[in-house]
Each structure stands twice: as structure tokens, then as C-alpha cells.
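Inspection log for the structure reproduced underneath, given as C-alpha cells.
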Amino acid sequence: MSTKKRSSMTNLQREAEAIAPRLRFPEFRSRKAWDLPSLAEISSPVERRVGTAALTPVSISAGVGFVAQAEKFGRDISGNQYRLYTRIGRGDFVYNKGNSLKFPQGCIYEWRGNDEAAAPNVFICFRFKQGNENAFFRHSFELNVHGHQLKPQITSGARSNGLLNITKGTFFGVRMPRPEPDEQRKIASFLDSADSLISSATRKLSALESHKVGLISLLFPSDDSQPPTIRFPEFARTRRWRVRQAGTLFHNRSERGNSDLPIYSVTVNDGMVPRASLERRVDDASDPGVNKKVNAGDIAYNMMRMWQGALGVAPEECMVSPAYVVLTPQADVLSQYYYYYFKMPRSLRLLASHSRGLTSDRLRLYFQDFSRISLPHPAMPEQEKIARCLLSLDELISTQSRMIDALKRYKTGLMQKVLCEHVEDAE
Numbered sequence: 001m002s003t004k005k006r007s008s009m010t011n012l013q014r015e016a017e018a019i020a021p022r023l024r025f026p027e028f029r030s031r032k033a034w035d036l037p038s039l040a041e042i043s044s045p046v047e048r049r050v051g052t053a054a055l056t057p058v059s060i061s062a063g064v065g066f067v068a069q070a071e072k073f074g075r076d077i078s079g080n081q082y083r084l085y086t087r088i089g090r091g092d093f094v095y096n097k098g099n100s101l102k103f104p105q106g107c108i109y110e111w112r113g114n115d116e117a118a119a120p121n122v123f124i125c126f127r128f129k130q131g132n133e134n135a136f137f138r139h140s141f142e143l144n145v146h147g148h149q150l151k152p153q154i155t156s157g158a159r160s161n162g163l164l165n166i167t168k169g170t171f172f173g174v175r176m177p178r179p180e181p182d183e184q185r186k187i188a189s190f191l192d193s194a195d196s197l198i199s200s201a202t203r204k205l206s207a208l209e210s211h212k213v214g215l216i217s218l219l220f221p222s223d224d225s226q227p228p229t230i231r232f233p234e235f236a237r238t239r240r241w242r243v244r245q246a247g248t249l250f251h252n253r254s255e256r257g258n259s260d261l262p263i264y265s266v267t268v269n270d271g272m273v274p275r276a277s278l279e280r281r282v283d284d285a286s287d288p289g290v291n292k293k294v295n296a297g298d299i300a301y302n303m304m305r306m307w308q309g310a311l312g313v314a315p316e317e318c319m320v321s322p323a324y325v326v327l328t329p330q331a332d333v334l335s336q337y338y339y340y341y342f343k344m345p346r347s348l349r350l351l352a353s354h355s356r357g358l359t360s361d362r363l364r365l366y367f368q369d370f371s372r373i374s375l376p377h378p379a380m381p382e383q384e385k386i387a388r389c390l391l392s393l394d395e396l397i398s399t400q401s402r403m404i405d406a407l408k409r410y411k412t413g414l415m416q417k418v419l420c421e422h423v424e425d426a427e
């Protein structure tokens, strides 16, 4: 068959395999449908080895992107394999074959650093050819266009090294829906603007969280025998805070639960949450005669993780695992105030020092040990003022976090309309 005839058949095949998104910008609506080239046709493998070059070894975390190995693992894990790592530069894309909840078939990110880096040689690296806009394909990979096609090709779970059995041939056979370059640029710019909104909102969230950390360090004393750095004006002339043992502030509730009460779990980041709301499997006992009863306003903490901040204030009457300690506050104690106090890094170190165990993963804080800890104790009105101040800041943080989640959902919805997510729609 002549080259001319083969070329003609290829063009006919392209037209038959054309695909179009649900929404197109007005100036492109009269254009032809998008074509479906394979990655092998529009990109080139990047296979240059690092050798003796001194580059930063990197890894990839799904949903995050590139992370230096020293930051992700606490050390450089490249070892003797370093010289076999792939040398990547700005604009190169890297496919991590590890599965994750966000990207079950692996994730792809573009290296956008100014300096070169060293990527593990088990990753597949490639660079797009001229006429293809990196930003457009970056959003396509975020939408998991590749994953939908790779899913049927995965014949078994992850190997012992945690990687999926995807060969280079299979990977480069993935087809990428693609308009002409000017439409690629328009779509990329549009979606980049959504990313800018998300980044701006994320920076504001980080600023609020940093402000909270700083404020807590000022509202609570750095030394329990001294007053805090700042006090609200109405308390500036009142007596210094007392120091009392925890056992005089809380008593250990050991009352058993009943079947009418919901079961809660304690988390490090979110305090007390309904067990049913957790995605992970929880081994709390379901027998109400075994679980402990918790009244609204009690503090429950995980004996094995209190030193990490696993505690929360009960929002309602409920039950918790018998592995938890339930603290019932005395009349002059506001649980929310002590919740914030126990969350401070200095307090966590104090809690760890009173916990028992040969190693950190076996530390347990029993109530009898907790009861002997000395705690700063202002009068109830000042406890309430501090707690209200920090609660209002937490509400701002929660609102900002929800806004970011909404923006991310909005962007995903936009991508699903202006990009072609499922190649099989072309058939």
C-alpha cells in the first residue's frame, strides 16, 4: 500500500474517531471535532538517566504533585538506584503507577520547577511535542482522562512495590482528546483562572490557621506559673491564673451506654465525629453495654493517642469506645477551653511525658496519670471569653475550608464540560 493511501486512511480514521466536549467557546463552535491521538503520537519518552549529576530526588503524591523524597519520607530513599533515576526538566510529565483513592489508575503531573530533578526510574516520563499545550493536558490528566482508559488494562492489583502492572506500551497507547492549539490555550487559560481562585482561597486558609496558632500561644501561658502574654481588657486587672491538678477539674466517667445513643469516634483533626461519618473502618464495640456513655460537654480522649491530640468535646449525648477516657468537667470548668489548651504543642509534650509505654506507638495516658497533671485554670468568665474567641476563628476556618471544597467541585464540573473525559464517547 502506498504512503499516500496509508495517509488517507489515517485521516479517515481520525475523522471517525473525532470527539467533542459538551461546551465549547463561541469562536470554536464551527470548528471540527477534536481528534484522538495516542500519547505515543504527540509525546516523546524522557529516558535520560541521572548518572552522577547532583539533583534533588523527588516522588509524587496523588492530589499534591511532586514532593522531595526527603520531605515525604524524612530521608532520601534513592540509595544505589539514584544513578538510574530519570533526569527531568521543566515541562516534562511524569506518570506514577501507584494507585490511590483520588487516582486509582495512577496520577500524572508536570514538573514545573526551574531546576532539573531526579524521578524514580519506575515512573514513566515524557514530554509533549510542538503544537501541544502543556497546561491543557495538565488539566486533562487532573480529570483522569488516562485513568478511564487504563482501568480495563489493569489485570491485577498493585505489585509488592505498590505499583500497577501498566507497561510503557499500554501507557503510551492512551488516547488524548485534543483540539487545535489555539483552543487548547483558551481552555487552559480558563481553567487556570479557576486554579488561581483556589490558590488564593487556600492561601487565606493557611493565613487563618497560622493566625490561630499564634493567637493560642498568646492566650495561654507559656509557663503555667505565669500569666499569658495577652489578656482581654476586662481581665487584665484580675488575679493571676491558678494552677490545679487535672483530677480536681475533671472526673472519670465510666457509665455504660445504651442502644438509643449514637456512637462517636475521636479524631486528631476533627475532634469527636459520628462513627458512621468516617470512611475508614473503625473497631469500636457496637454493644452498648461495653461502650461508655458521654454527656454533651464531656471531653473524650483516646488513651493511645492523647499525646497526638486525639480528643474532642461531645456535641451531644452519645457513646464512645471503651478504649477512650471520658472526662466530665466540674462546675467551674469549660471543656472547650481545655480542648484548645490540650491541643497546643507544649501541652501535647506534657501529655506524652505522663503517658506510659516502652515506645511512642505504645504510649497510653490513663486517667490516674492524667489526673496528676498540673493545668492553668482561670476563672470561668475568662475561660468562656478565650473559648468564644477561638471558636469564632474556627468557624472562619471551617467556612474558608468549605469554600475551597466548593471551588474544587466547581472546577471539576467545568473540566467535565470543556474537556472530553471519556474517550469511549467517541465510539
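Just so you know, we're using the numbering used here here: the sequence shown kicks off at 1 and counts up by one. Glycine included, every Cβ here is placed at the ideal spot set by N, Cα and C. Note that the coordinates shown come from a computational prediction; the quantities given were computed from them, not determined experimentally.
With which residues is His-251 paired in a DSSP beta bridge?
Looking at the DSSP output, His-251 shares a beta bridge with Thr-328.
Count the other CB atoms within 10 Å of the CB of Gln-383; is the residue buried (16 or more) or exposed (fewer)?
Taking a 10 Å sphere around the C-beta of Gln-383, we find 16 or more other C-beta atoms and assign the residue as buried.
Pick out whichever of Arg-87, Glu-183, Phe-232 and Val-290 has its Cα sitting closest to the Cα of Phe-137.
The candidate whose alpha carbon is nearest that of Phe-137 is Glu-183.
DSSP state of Asn-291, grouped into three classes?
For Asn-291, the three-state secondary structure derived from DSSP is coil.
Can Leu-311 and Ala-300 be called in contact, C-beta distance under 8 Å?
Yes, the pair counts as a contact, with Cβ atoms nearer than the cut-off.
To the nearest angstrom, report how far apart Thr-248 and Thr-328 are at their CA atoms.
Approximately 11 Å between the Cα atoms of the pair.
Applying the 10 Å Cβ sphere with the 16-neighbour rule, what's the burial state of Lys-32?
Under this definition Lys-32 is an exposed residue.
Length of the line joining the Cα atoms of Ser-360 and Gln-416
Each residue's alpha carbon lies about 46 Å from the other.
For the alpha helix (DSSP H) that Pro-381 lies in, which residues bound it at each end?
For Pro-381, the enclosing alpha helix (DSSP H) begins and ends at 380-418.
Rounding to the nearest angstrom, what Cα-Cα distance links Glu-209 and Ser-222 in this structure?
Computed Cα separation, rounded: 20 Å.
If I follow the unbroken alpha helix (DSSP H) through Glu-71, where does it start and stop?
That run of the alpha helix (DSSP H) goes 69-73.
Residue range of the unbroken alpha helix (DSSP H) whose run includes Val-145
For Val-145, the enclosing alpha helix (DSSP H) has its first and last residue at 145-150.
Extent of the continuous beta strand (DSSP E) run through Gln-271
Checking the displayed sequence, the identity of residue 271 turns out to be Gly instead of Gln. Start and end: 271-274.
Could you check which residue in Arg-356, Phe-370, Trp-307 and Leu-363 has the C-alpha nearest to that of Leu-348?
Nearest of Arg-356, Phe-370, Trp-307 and Leu-363 to Leu-348, Cα basis: Trp-307.
Using the beta-carbon count (16 or more within 10 Å), is Glu-110 buried or exposed?
It is buried - the Cβ of Glu-110 has at least 16 other Cβ atoms within 10 Å.
Quick check on the DSSP output: the alpha helix (DSSP H) that includes Gln-336 runs from which residue to which?
Counting along the chain, the alpha helix (DSSP H) containing Gln-336 begins and ends at 335-343.
Look at the Cβ atom of Phe-93, then the Cβ atom of Ile-108, and state whether they are nearer than 8 Å.
Against a cut-off of 8 Å, the Cβ pair of Ile-108 and Phe-93 comes out as a contact.
Compare the Cα-Cα distances from Gly-413 to each of Asp-369, Arg-49, Glu-142 and Arg-83 and report the closest residue.
The shortest CA-to-CA distance from Gly-413 to any of Asp-369, Arg-49, Glu-142 and Arg-83 is the one to Glu-142.
Looking only at its own chain, which residues have a Cβ that is under 6 Å from the Cβ of Gln-69, when we skip the five neighbours before and after it?
So the qualifying residues of the chain are Pro-57, Ser-59, Asp-76 and Ile-77.
Between Lys-151 and Gln-105, how many whole angstroms is the CB-CB distance? I'm expecting something under 8 Å.
Contact between Lys-151 and Gln-105 is confirmed by a C-beta separation of about 5 Å, below the 8 Å threshold.
Quick check on the burial criterion: 16 or more other C-beta atoms within 10 angstroms. Buried or exposed for Lys-428?
Nothing can be reported for residue 428, as the shown portion of the chain is limited to 1 through 427.
Whole-angstrom distance between Ala-331 and Pro-376, CA atom to CA atom
Straight-line Cα distance between these residues: approximately 16 Å.
Which class does Gln-245 belong to by DSSP, given the choice of helix, strand or coil?
DSSP places Gln-245 within a strand segment (E or B) once states are collapsed to three.
How about the segment 260-269 and the segment 226-233: do they share at least three Cβ pairs that are nearer than 8 Å?
Under the 8 Å Cβ criterion, the segment 260-269 does not count as touching the segment 226-233, having fewer than three qualifying pairs.
Cβ-heavy atom distance, Asp-260 to the ligand ADP, below 7 Å
In terms of ligand content, the structure shown is empty, and the ligand ADP therefore cannot be addressed.
Endpoints, the beta strand (DSSP E) within which Asn-96 is located:
93-96 is the extent of the beta strand (DSSP E) around Asn-96.
Buried/exposed call for Ser-2, threshold 16 Cβ in 10 Å
Low confidence applies to Ser-2: its pLDDT is 49, below 50, so where it sits in the model is not reliable enough to give any reading.
Selection from Arg-364, Gly-214 and Met-380 that minimises the alpha carbon distance to Tyr-337:
Of the candidates Arg-364, Gly-214 and Met-380, the one whose C-alpha sits nearest the C-alpha of Tyr-337 is Met-380.
Supposed close pair Met-303, Leu-365 - CB separation, criterion 8 Å:
Going by Cβ atoms, the distance from Met-303 to Leu-365 rounds to 6 Å, so yes, they are a contact pair.
Does the distance from the CB of Leu-164 to the CB of Asn-80 come in under 8 Å?
At a Cβ-Cβ threshold of 8 Å, Leu-164 and Asn-80 do not count as neighbours.
Cβ pair Ser-434, Gln-245 closer than 8 Å:
What the structure shows of the chain is the stretch from 1 to 427, and residue 434 is not part of that stretch, so it cannot be assessed.
Reduced DSSP category for Phe-126 - H, G, I as helix; E, B as strand; rest coil:
Judged by DSSP in its simplified three-state form, Phe-126 adopts strand.
Selected residue, minimal CA-CA separation from Ser-353, among Tyr-340, Arg-372 and Tyr-339:
It is Arg-372.
On a Cα-Cα basis, can you pick out the residue from Phe-123, Asn-252, Ala-118 and Gly-63 that is closest to Val-326?
Cα-wise, what sits closest to Val-326 is Asn-252.
Taking the continuous alpha helix (DSSP H) assigned at Arg-87, which residues delimit it?
That residue, Arg-87, is in no alpha helix (DSSP H); its beta strand (DSSP E) goes 86-88.
Quick one, which of Val-46, Val-243 and Ser-254 has its alpha-carbon nearest Pro-378's?
Answer by Cα proximity: Val-243.
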